[in-house]
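Note sheet for the following structure.
2 protein chains.
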Amino acid sequence: MTKYAIGVDFGTESGRAVLVDVTDGREVATAVYPYSHGVIDEKLPIPGEEIRLEPDWALQEPQDYIRTFQNTIPEVLKESQVKPEDVIGIGIDFTACTMLPVKRDGTPLCDLPEFRRQPHAWVKLWKHHAAQPEADKINETARRMGQKWLDRYGGKISSEWFFSKVLQILDEAPEIYAAADRLLEAADWVVWQLTGVETRNSCTAGYKAIWSKREGFPDKSYFKALDPRLENVVDQKMSRDIRPIGDRAGGLTELAAQWTGLKAGTAVAIANVDAHVAVPASTVTGPGRMVMIMGTSICHMVLGDEEHVVPGMCGYVEDGIIPGFFGYEAGQSCVGDHFAWFVENCVPAAYEGEARKRKIDIHQLLEEKTARLKPGESGLLALDWWNGNRSVLVDVDLTGLLLGATLATNAEEIYRALIEATAYGTRVIVDTFQQNGVPIRELVACGGLPEKNKLLMQIYADVTGREIKVTASKQTPALGSAMFGAVAAGKAAGGYDSIYDAAQTMAHLKAETFKPIHENQKVYEKLFAEYLRLHDYFGRGENNVMKTLKKIKAEVLTGKD
Amino acid sequence: MTKYAIGVDFGTESGRAVLVDVTDGREVATAVYPYSHGVIDEKLPIPGEEIRLEPDWALQEPQDYIRTFQNTIPEVLKESQVKPEDVIGIGIDFTACTMLPVKRDGTPLCDLPEFRRQPHAWVKLWKHHAAQPEADKINETARRMGQKWLDRYGGKISSEWFFSKVLQILDEAPEIYAAADRLLEAADWVVWQLTGVETRNSCTAGYKAIWSKREGFPDKSYFKALDPRLENVVDQKMSRDIRPIGDRAGGLTELAAQWTGLKAGTAVAIANVDAHVAVPASTVTGPGRMVMIMGTSICHMVLGDEEHVVPGMCGYVEDGIIPGFFGYEAGQSCVGDHFAWFVENCVPAAYEGEARKRKIDIHQLLEEKTARLKPGESGLLALDWWNGNRSVLVDVDLTGLLLGATLATNAEEIYRALIEATAYGTRVIVDTFQQNGVPIRELVACGGLPEKNKLLMQIYADVTGREIKVTASKQTPALGSAMFGAVAAGKAAGGYDSIYDAAQTMAHLKAETFKPIHENQKVYEKLFAEYLRLHDYFGRGENNVMKTLKKIKAEVLTGKD
Chain A
1144 MTKYAIGVDF GTESGRAVLV DVTDGREVAT AVYPYSHGVI DEKLPIPGEE
1194 IRLEPDWALQ EPQDYIRTFQ NTIPEVLKES QVKPEDVIGI GIDFTACTML
1244 PVKRDGTPLC DLPEFRRQPH AWVKLWKHHA AQPEADKINE TARRMGQKWL
1294 DRYGGKISSE WFFSKVLQIL DEAPEIYAAA DRLLEAADWV VWQLTGVETR
1344 NSCTAGYKAI WSKREGFPDK SYFKALDPRL ENVVDQKMSR DIRPIGDRAG
1394 GLTELAAQWT GLKAGTAVAI ANVDAHVAVP ASTVTGPGRM VMIMGTSICH
1444 MVLGDEEHVV PGMCGYVEDG IIPGFFGYEA GQSCVGDHFA WFVENCVPAA
1494 YEGEARKRKI DIHQLLEEKT ARLKPGESGL LALDWWNGNR SVLVDVDLTG
1544 LLLGATLATN AEEIYRALIE ATAYGTRVIV DTFQQNGVPI RELVACGGLP
1594 EKNKLLMQIY ADVTGREIKV TASKQTPALG SAMFGAVAAG KAAGGYDSIY
1644 DAAQTMAHLK AETFKPIHEN QKVYEKLFAE YLRLHDYFGR GENNVMKTLK
1694 KIKAEVLTGK D
Chain B
1144 MTKYAIGVDF GTESGRAVLV DVTDGREVAT AVYPYSHGVI DEKLPIPGEE
1194 IRLEPDWALQ EPQDYIRTFQ NTIPEVLKES QVKPEDVIGI GIDFTACTML
1244 PVKRDGTPLC DLPEFRRQPH AWVKLWKHHA AQPEADKINE TARRMGQKWL
1294 DRYGGKISSE WFFSKVLQIL DEAPEIYAAA DRLLEAADWV VWQLTGVETR
1344 NSCTAGYKAI WSKREGFPDK SYFKALDPRL ENVVDQKMSR DIRPIGDRAG
1394 GLTELAAQWT GLKAGTAVAI ANVDAHVAVP ASTVTGPGRM VMIMGTSICH
1444 MVLGDEEHVV PGMCGYVEDG IIPGFFGYEA GQSCVGDHFA WFVENCVPAA
1494 YEGEARKRKI DIHQLLEEKT ARLKPGESGL LALDWWNGNR SVLVDVDLTG
1544 LLLGATLATN AEEIYRALIE ATAYGTRVIV DTFQQNGVPI RELVACGGLP
1594 EKNKLLMQIY ADVTGREIKV TASKQTPALG SAMFGAVAAG KAAGGYDSIY
1644 DAAQTMAHLK AETFKPIHEN QKVYEKLFAE YLRLHDYFGR GENNVMKTLK
1694 KIKAEVLTGK D
């Protein structure tokens, strides 16, 4: 009898369930639930009340996650006609760090009437960016105290991460901090809701909450220095029992079985993160092959046998992606977003007209025109920092640059320059890993962009000088979660004993790959040298004009100087 | 009896005559003649023949200038009902260097059947840019020989100028060079056609043909070093009799009287150049007040009592603008052109739609949106080098730069950054003059832009920290030429004895001026410091990436590397 696993991928705007054949990874049915409250960034969704949020806030409603289970899993069962007893396991992946304060029994504080009007009681989404002062304090304190763990995160903790958000709650809503029995990732919270068991996964703990397998969390003295009230945060509100990914968290409760239509007791995997779970789903279970999850931004994930400090990466965690390896993560904060910005703000009316007339998408028209240009032909060069630089400069205050424009410059040339700039950004990341002892032989791409833009993929191959393979699945994170579900079930139940075994049969690549074209590579070598010089000049402090302009802007807008 | 003068302004696409009341400068009638052949830059306009031009060529047909007289002067007479005997003088101004080869009797070589198929026999328009190799040779030879006159031109002779064009004729069509009895500016040629007398004006000789009142032309040994055949070019094909502007060239011939409907013998002024003749028409007849002729590009003209070498200017000529002063000229090659490029290539469809709906011009919509932004608010900074840099870097190979873009950047912010960049470019020119002994107290603007864009004018005032006045006339060059026509006629005939006297009564400013706003100035001081640092970094050799990109582009397009 064929067995199945379900992966549930919690994205920014919606949750998605995929029901997968455990024998070959075939995706049998898919269902998507758009969160009823989406991203909450203007005011709390309380009828008749006007509780507005400050700039840079981004919240979610935890019941939207429960509704995702309630809506999508019954739907994939119905669509596939698979019997509940043939579904052997569930895995979930989530955006991170997406975190919330809850009571001891798992009740989110925002579900309690006394806290519902307090924004800090709600889920803070990964892109809640209002905790920068707290992140600054975390970094300054760590540097002052010589905290070695800072090296594991490229020398900087992000405002998006766990303790930045915790500290913001403590700073701005100490009553919420006090009322929270537990502070945890939404990823772990949904697994708790499915199984009735509170667990903490090694992936978010490692990448977002300064935990490591060998050294645990930072010392109490550090937390005390940060804020005396935080001294015992780990023991009081978190857990030191961090479970490796691939483990079984527990079995479905009766209540969760009612929500989903699955059998009570069905195996549920330890929680995981979208980008990280995509790695084995991209066939990567060992060193040398970097996975690029390419969408609005790019996450770069690579495994290493050894521990290396690579400057400017987002972090590395032992067993953080695949047990037995150091999982290294880097990122570019603006890729698909960049092209979307360009199309919205810079494409002349004539192009829109042409696309309309030919009944094609404007991106497609631009790709067509852009593909006719040779590398170097436009004379343009850009720095891909429209949304700051995540790796390897780790600096949100850097901004975009376009150089080389003339009166003959046209839209497709600028568009190509922006694509090339993001490729150079990836090349800097690849080279930095390589130069610091983490070899990268080949690239494996997944996500939305490889489907949509083949020219972009070819440019990445030419610029990085590496072959790029593409995953067969269009929903890699959900497939990866299903794979972890099959591992949580185990071989005896028709699943697998390890993620390696699961990847062998369930993960696939497309036949089509992108190989570097020698002639293009030669030109891009020259252009990349110029990129790198500008990258270092503007990015490493020689000319801080980008920060100065931001400072002037802030002064002008606030009326201070 | 009221007396009148006529100014004829020969532009790039058309010629314009304005009939002016000599007593107060009132413009009584205007007529425009669009040249029948316009700018010839693809193929010679010979019916049934396909003689194509190489890239960067730009020619004109000399009979178009004669047709300008034949069409426009009768029209202004008719429109104004002024009697021919009440028109006391004519002045003309021309683009420069716009030059042609002619026979001893003034017949253009391109009007002779044996030369009509040879592009080098036609008029080379100012923007004929194909003589760069010749300009390079002129500059290298001058540097090698330590020619002091190079300093008068900011260290560089342009490919647009007289001897670059002459040398190109000699290099590529020695038979045309040999057949030409005279090589001269079209400005001087049209005066010759009106008066029957060949004269040479001090303005084009000084600014375009390396002549100075004190030192004359470069030495024969220099021309010989350039090319042995050029040794006697001045004596054989030009003239050493250079006439000061403001002089009377002669009287209208019977033939020219027939063309125009004026009386034979009517005074004709020595030829002049459009930008230069605009200076007295802008009320400027002494030091301290810079005239900006603002259109597709900006010409900056200022008078000085003393001789100063100012780095990176276009040139300075004693008596070149107003007798008795050193006339200094600088320029920005891309201003109005820049905004036109932006509107054509970078304005999103939604904006075009809004402008259409509100039935306003897209430039007007952009100005409206842009005016709502405060200085510094966009966080953007640009280098205004979309068409190279004329002053003070004198480098056509520099290209445009935009810095500070984020995902929130919109079209009006970019538009404002481009306007600001051109203002910073003017500020560099103003500061350079000031620092080198040519004081600039106030700016006087004329041309198309001040009419069209008040926001731009305010930004220029804020950035330069100087009050900007605007000329009352919308056709300043033609008015200036009419003023010189009145001076050629002289006081006895109802005109003036000097251009100072003419300017006193005939030139006017608008009541409205643009005064620097202190608050804006403070922000622009900070932004200008950042501009200047980028200007020097990319413009003075520290990082030659712009040239490198152009080199790579050329290699890619020619297949060489």
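Note that the protein sequences, when read in sequence, are chains A and B. By the count of our numbering, the first sequence reaches residue 1704 at its end, each step adding exactly one. By the count of our numbering, the second sequence reaches residue 1704 at its end, each step adding exactly one. C-beta: ideal position from N, C-alpha, C; glycine also. No experiment lies behind these values; they were computed from the predicted model shown.
{"query": "Pick from Ala1160(A), Val1225(A), Ala1418(A) and Val1377(A) that is closest to Val1175(A), judged by C-alpha positions", "result": "Ala1160(A)"}
{"query": "Extent of the continuous alpha helix (DSSP H) run through Lys1694(A)", "result": "Val1688 to Thr1701"}
{"query": "Beta-carbon gap between Lys1612(B) and Glu1594(B) smaller than 8 angstroms", "result": "no"}
{"query": "Gly1463(B): contacting residues in chain A (beta-carbon distance under 7 angstroms)", "result": "None at all; the shortest Cβ gap to chain A is about 29 angstroms."}
{"query": "Proximity test, Cβ basis, 8 angstroms: Trp1529(A) and chain B", "result": "yes"}
{"query": "CA nearest to the CA of Gly1158(A), picked from Glu1197(A), Thr1145(A) and His1180(A)", "result": "His1180(A)"}
{"query": "Contacts that Thr1691(A) makes with chain B (C-beta to C-beta distance below 8 angstroms)", "result": "Lys1669 and Glu1673"}
{"query": "Chain-ordered neighbours of Asp1184(A) on chain B, where CB pairs are closer than 8 angstroms", "result": "Under the 8 angstroms cutoff, chain B gives no residues; its nearest Cβ is about 14 angstroms from Asp1184(A)."}
{"query": "Interface residues of the segment 1466-1500 of chain A facing chain B [CB-CB below 7 angstroms]", "result": "Cys1477, Asp1480, Trp1484, Glu1487, Asn1488, Cys1489, Val1490, Pro1491, Ala1492 and Glu1495"}
{"query": "Span of the alpha helix (DSSP H) around Glu1222(A)", "result": "Gln1206 to Ser1223"}
{"query": "Inter-residue CB distance, Tyr1296(B) and Gly1458(B) (contact presumed, cutoff 8 angstroms)", "result": "5 angstroms"}
{"query": "Straight-line gap, Thr1342(A) to Arg1383(A) (C-alpha atoms, nearest Å)", "result": "10 angstroms"}
{"query": "Contacting positions in the segment 1503-1517 of chain A - beta carbon closer than 8 angstroms to chain B", "result": "Lys1517"}
{"query": "Under 8 angstroms by beta carbon: chain B residues contacting Glu1520(A)", "result": "Lys1696, Val1699 and Leu1700"}
{"query": "Boundaries (first-last residue) of the beta strand (DSSP E) holding Thr1607(B)", "result": "Careful: Thr1607(B) lies outside any beta strand (DSSP E), inside the alpha helix (DSSP H) at Lys1597 to Thr1607."}
{"query": "Whole-Å CB distance - Asp1236(A) paired with Asp1417(A), under 8 angstroms assumed", "result": "5 angstroms"}
{"query": "Rounded distance between the beta-carbons of Glu1303(B) and Lys1270(B), thought under 8 angstroms", "result": "7 angstroms"}
{"query": "Neighbour flag for Val1688(B) against chain A, beta carbons, 8 angstroms", "result": "yes"}
{"query": "Beta carbon proximity, Gly1547(B) to chain A, threshold 8 angstroms", "result": "yes"}
{"query": "Distance between Ala1672(B) and Ala1560(B) (C-alpha atoms, nearest Å)", "result": "15 angstroms"}
{"query": "Per DSSP, cross-strand counterpart(s) of Phe1671(A)", "result": "According to DSSP, which records beta bridges pairwise, Phe1671(A) is partnered with nothing at all."}
{"query": "Simplified DSSP state of Asn1532(A), which is helix, strand or coil", "result": "strand"}
{"query": "Rounded distance between the beta-carbons of Glu1610(B) and Phe1707(B), thought under 8 angstroms", "result": "Within the shown structure, residues of chain B are numbered from 1144 to 1704, placing residue 1707(B) beyond reach of any answer."}
{"query": "Span of the beta strand (DSSP E), counted from its first residue to its last, around His1443(B)", "result": "Ile1441 to Gly1447"}
{"query": "Within 9 angstroms of chain B by C-beta, residues of the segment 1607-1620 of chain A in sequence order", "result": "none"}
{"query": "Which listed residue (Phe1482(A), Gly1249(A) and His1451(A)) has its alpha carbon closest to that of Phe1469(A)", "result": "His1451(A)"}
{"query": "Identity of the residue in Thr1607(B), Lys1694(B) and Met1626(B) nearest Pro1659(B) by Cα", "result": "Thr1607(B)"}
{"query": "Residues near Tyr1643(A) in its chain [Cβ-Cβ closer than 6 angstroms; skip 5 each side]", "result": "Thr1428"}
{"query": "Opening and closing residue of the alpha helix (DSSP H) in which Asp1378(A) lies", "result": "Val1376 to Lys1380"}
{"query": "Where Asn1553(A) meets chain B, residues with beta-carbon distance less than 7 angstroms", "result": "Asn1488"}
{"query": "Element boundaries [alpha helix (DSSP H), containing Gln1336(B)]", "result": "Ala1329 to Thr1338"}
{"query": "Validate contact between the segment 1338-1352 of chain A and the segment 1216-1227 of chain A using beta carbons, cut 8 angstroms, 3 pairs", "result": "no"}
{"query": "Supposed contact pair Cys1477(A) and Asp1527(A) - C-beta distance, whole angstroms, cut 8 angstroms", "result": "6 angstroms"}
{"query": "Closer than 9 angstroms at the beta carbon, the chain A residues around Gly1684(B)", "result": "Per Cβ cutoff of 9 angstroms: no residues; Gly1684(B) is ~14 angstroms from chain A at best."}
{"query": "Chain B within 8 angstroms of Val1309(A), Cβ atoms only", "result": "no"}
{"query": "Lys1291(B) classed as buried or exposed, judged by whether at least 16 other C-beta atoms fall within 10 angstroms", "result": "exposed"}
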